[in-house]
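Contents: one structure, followed by commentary.
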Amino acid sequence: MGSGLNFLDLILEASLLVQLVMLGLVAMSVMSWAIIFQRKKAISDALANAKKFEQKFWSGIDLSKLYNEISSRSGQSHGIEALFTAGFKEFARHKKNTFQSAGIVMEGTHRSMRVALSREIEKIESSLSFLATVGSISPYIGLFGTVWGIMNAFIALGEVKQATLQMVAPGIAEALIATAMGLFAAIPAVIAYNRFSNKVEKLESHYINFMEEFANILHRQAATQIEAQANVSA
1 MGSGLNFLDL ILEASLLVQL VMLGLVAMSV MSWAIIFQRK KAISDALANA
51 KKFEQKFWSG IDLSKLYNEI SSRSGQSHGI EALFTAGFKE FARHKKNTFQ
101 SAGIVMEGTH RSMRVALSRE IEKIESSLSF LATVGSISPY IGLFGTVWGI
151 MNAFIALGEV KQATLQMVAP GIAEALIATA MGLFAAIPAV IAYNRFSNKV
201 EKLESHYINF MEEFANILHR QAATQIEAQA NVSA
């Protein structure tokens with residue numbers, strides 16, 4: 001490849017609009033990769049924390065002790081721990097009212113856990129929409145830069161009497177670089193978005209399964225307590 005078609009020279013000699021397109025695509029690509037690494041860590045941490053918590057939860061530990069242990073930590077609970085603390089806190093609050101049925105107690109507990117679930121999934125999905133946006137619009141932005149560059153190449157071609165390949169090639173090459181950069185920004189973003197969306201769905205399903213199992217345990221406790229209170233009253 002001759003020096004006239006040097007990659008860096010093509011970018012530096014491109015029209016201002018094409019350079020702005022390229023700069024925008026580079027910025028979008030850098031932001032996408034930052035989000036990819038950030039979300040990868042967040043999802044991996046959420047899965048690891050869920051596994052660690054469930055091992056303790058199913059070890060037979062007293063639920064009140066587990067709740068107090070989590071509540072005593074500095075900072076807010078996250079992930080599956082947030083579902084547990086939200087559910088147990090609401091359950092304990094309703095349980096103080098001895099006149100409520102098990103169904104009413106569990107309705108409030110379920111509602112509290114669903115709100116916590118929605119918040120946790122919203123946090124874990126943070127910035128994924130940006131990846132989807134980059135994957136959707138980057139090729140079109142690159143194509144716009146390509147069309148503009150080719151237009152400039154042909155306009156310049158029309159101003160000379162005898163056209164040669166050496167005159168046209170740099171303009172077309174700089175235009176095609178914009179398309180390549182658009183694809184370079186879009187492809188990783190699309191792959192990451194699809195992969196993370198699948199992992200978030202699995203994580204949400206895992207959280208929901210835990211919620212149902214935890215709710216069954218609390219329901220049995222509530223029913224047992226109400227039955228014991230009824231026997232005492234009788």
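Numbering (full-length UniProt numbering), first residue to last: 1 to 234. Quick reminder that beta carbons are idealized off the backbone N, C-alpha and C, glycines included.
**OP:** Measure the alpha-carbon distance for Thr179 versus Lys199 and round it to whole angstroms.
**Re:** 30 Å
**OP:** Could you check which residue in Ala86, Lys51, Gly79 and Asp45 has the C-alpha nearest to that of Ser64?
**Re:** Ala86
**OP:** Would you mind reading off the limits of the alpha helix (DSSP H) that contains Ile137?
**Re:** Leu128 to Gly158
**OP:** Helix, strand or coil for Gln55, going by three-state DSSP, please let me know.
**Re:** helix
**OP:** Could you check which residue in Ala82, Leu83, Val105 and Ile80 has the C-alpha nearest to that of Ala92?
**Re:** Val105
Original post:
Whose C-alpha, out of Ser71, Tyr207 and Ile177, is nearest the C-alpha of Val26?
Top reply: Ile177
**OP:** Express the C-alpha separation of Ala46 and residue 243 in angstroms, rounding to a whole number.
**Re:** Outside the modelled stretch of the chain, which goes from 1 to 234, sits residue 243, for which no answer is possible.
Original post:
Taking the alpha-carbon positions, what's the Lys89 to Ile35 distance?
Top reply: 34 Å
Original post:
Given that a residue counts as buried once 16 or more other Cβ atoms are within 10 Å of its Cβ, and exposed if not, what is Ala153?
Top reply: buried
Subject >> His78 versus Asn216, Leu10 and Tyr207, residue with shortest Cα-Cα distance >> reply: Tyr207
Original post:
What separation, rounded to the nearest whole angstrom, lies between the Cα atoms of Ile121 and Leu23?
Top reply: 33 Å
Subject >> Between the CA atoms of Ile80 and Phe37 - distance to the nearest angstrom >> reply: 22 Å
Subject >> Which listed residue (Met181, Ala156, Gly75 and Lys51) has its alpha carbon closest to that of Pro170 >> reply: Ala156
Subject >> Proximity to Ser32 [Cα-Cα], best of Ser59, Arg111 and Ser126 >> reply: Ser126
Original post:
Relative to the alpha-carbon of Phe214, which residue among Leu131, Phe130 and Phe53 has its alpha-carbon at the smallest distance?
Top reply: Phe53
Subject >> Beta-carbon proximity of Gly145 to Val21, cut-off 8 Å >> reply: yes
Subject >> Backbone CA spacing between Met1 and Leu12 [nearest angstrom] >> reply: Summary for Met1: the model assigns pLDDT 42, below 50, so the residue's position carries little reliability, and this model does not support an answer.
Subject >> Alpha-carbon spacing of Ala223 relative to Ser59, whole angstroms >> reply: 23 Å
**OP:** Could you say which of Val115, Gln55, Phe196 and Asp9 lies nearest to Ile124 if we only look at CA atoms?
**Re:** Phe196
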